[in-house]
Amino acid sequence: MILIDGKKTSQDIKNEIAARVAEIKAEGGKTPHLAAVLVGNDGASQTYVGAKVKACEEVGFQSTLVRLDSSVSEEELLKVVEDINENPDIDGLIVQLPLPKHISVDKVTNKIKPEKDVDGFTPANVGRMTLNWPAYVAATPYGIVELLKRYQIETSGKHCVVIGRSHIVGSPMSILMARNGYPGNATVTLTHSKTQNLAEICRTADILIVAIGKPEFVTADMVKPGAVVIDVGIHRIEDPSKKSGFRLIGDVKFDEVAPLASAITPVPGGVGPMTIAALLYNTLQSAEKKVF
Ligand code: GUN
Numbered sequence: 001m002i003l004i005d006g007k008k009t010s011q012d013i014k015n016e017i018a019a020r021v022a023e024i025k026a027e028g029g030k031t032p033h034l035a036a037v038l039v040g041n042d043g044a045s046q047t048y049v050g051a052k053v054k055a056c057e058e059v060g061f062q063s064t065l066v067r068l069d070s071s072v073s074e075e076e077l078l079k080v081v082e083d084i085n086e087n088p089d090i091d092g093l094i095v096q097l098p099l100p101k102h103i104s105v106d107k108v109t110n111k112i113k114p115e116k117d118v119d120g121f122t123p124a125n126v127g128r129m130t131l132n133w134p135a136y137v138a139a140t141p142y143g144i145v146e147l148l149k150r151y152q153i154e155t156s157g158k159h160c161v162v163i164g165r166s167h168i169v170g171s172p173m174s175i176l177m178a179r180n181g182y183p184g185n186a187t188v189t190l191t192h193s194k195t196q197n198l199a200e201i202c203r204t205a206d207i208l209i210v211a212i213g214k215p216e217f218v219t220a221d222m223v224k225p226g227a228v229v230i231d232v233g234i235h236r237i238e239d240p241s242k243k244s245g246f247r248l249i250g251d252v253k254f255d256e257v258a259p260l261a262s263a264i265t266p267v268p269g270g271v272g273p274m275t276i277a278a279l280l281y282n283t284l285q286s287a288e289k290k291v292f
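Under UniProt numbering, the first residue of the sequence shown is numbered 1, with each subsequent residue one higher.
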């Protein structure tokens, strides 16, 4: 069984990005610059944005964090996005989600210039990805694609079952696995909450990608021996035996599924760490005008 090490792979990618940034700077080029907009005081969002800013420093990017009060109006936030859109020094722009209820996520997302949409959330980038054009691919699907590539997992002709049809993970993942290319050329089944006989379908998967958001949902009886299992879930559960008082688990019951799998991503240390590497990669692509 191969344990797919997302922590190491994301560090490899960050090292590659840092090396390219050093080259750009040595050639007198502009330092890649990511702007993050954070609205309100949500604890998890602050942690995520903090990690993104820190990762920018690690690879030699410039970063700008714009913090706005949770009472900010939709109009004011749209104006902030517009200003960053028009700022030629900034290559990538992310608006951390979730946003307060009085603000339309769709309106804000659609305001982001596709050329700077390094989260890959705008309709333009989702459309480009679907057409197999150069595009910014969202962080989690990008991370999974990169893990499959770097571990040289065969996908052509395989049956890939995706559990979960969210806009940011399941749906794009199903498109990327089915497209003509590598990774890709798989026969894909996209399953969701209304799917019947889910366990039976999962048992036919050569590659099982789980993004359902339910702790330890996938059990051994749902997995074919020799399958590749990618676990996108991350859940914090209380564990008094740990110093922190909690531990992290995924959507897959790792202890019973791992012995069956030919390769599997752990939680933590699998897909999670890859997401920040994806954001940095997209920002570098933008700085080098490689997508648009
Ligand atoms: N909130 C949770 N994940 C993400 C992400 O990848 N991008 C943004 N902008 N917000 C998020």
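Positions of the beta carbon are idealized from the N, C-alpha and C atoms, including for glycine. The model shown is predicted, which means the values in this text are computed figures rather than measured ones.
CB-CB length for residue i against residue j, believed under 8 Å
i: residue 294; j: L248; result: Only positions 1 to 292 of the chain appear in this structure, which leaves residue 294 out of reach.
i: M222; j: C202; result: 4 Å
i: I209; j: V162; result: 5 Å
i: L78; j: K116; result: Rounded, the Cβ-Cβ distance is 15 Å, inconsistent with contact.
i: K111; j: V66; result: Not confirmed; about 14 Å, so no contact.
Burial state of residue i (16 or more Cβ within 10 Å)
i: F254; result: buried
i: L131; result: exposed
i: M274; result: buried
i: D69; result: exposed
i: H33; result: buried
i: G28; result: exposed
i: N41; result: exposed
Residue from the options whose Cα sits closest to the Cα of residue i
i: S171; options: E200, V137 and G29; result: V137
i: I207; options: T189, Q196 and T219; result: T189
i: V39; options: M173, S104 and S174; result: S104
i: Q96; options: V118, K242 and G269; result: V118
i: A186; options: R128, C160, N110 and R150; result: C160
i: A35; options: R179, A19, G92 and G28; result: G92
i: A205; options: T155, K243 and R236; result: T155
i: K214; options: G164, A178, K224 and K242; result: G164
i: D12; options: I90, L198, H33 and E146; result: E146
i: T283; options: H192, R236, A135 and G50; result: A135
i: K30; options: P88, P123 and H167; result: P88
Residue i versus residue j - alpha carbon distance
i: Q152; j: A211; result: 22 Å
i: N85; j: P100; result: 22 Å
i: Y281; j: E75; result: 30 Å
i: A261; j: K14; result: 28 Å
i: G272; j: D83; result: 31 Å
i: E58; j: A18; result: 8 Å
i: V218; j: V252; result: 5 Å
i: S286; j: Q196; result: 42 Å
i: K194; j: F61; result: 44 Å
i: M1; j: E238; result: 29 Å
i: L148; j: P183; result: 7 Å
i: P225; j: A263; result: 11 Å
i: E256; j: E16; result: 35 Å
Residues near residue i by beta carbon distance below 8 Å, same chain, minus five either side
i: G269; result: D5, G6 and K7
Cβ-based neighbour list, residue i, same chain, cut-off 7 Å, excluding 5 preceding and 5 following
i: P141; result: V169, P172, M173 and L176
i: L3; result: I264 and P266
Own chain residues within Cβ distance below 6 Å of residue i, not counting five before or after
i: F292; result: E115
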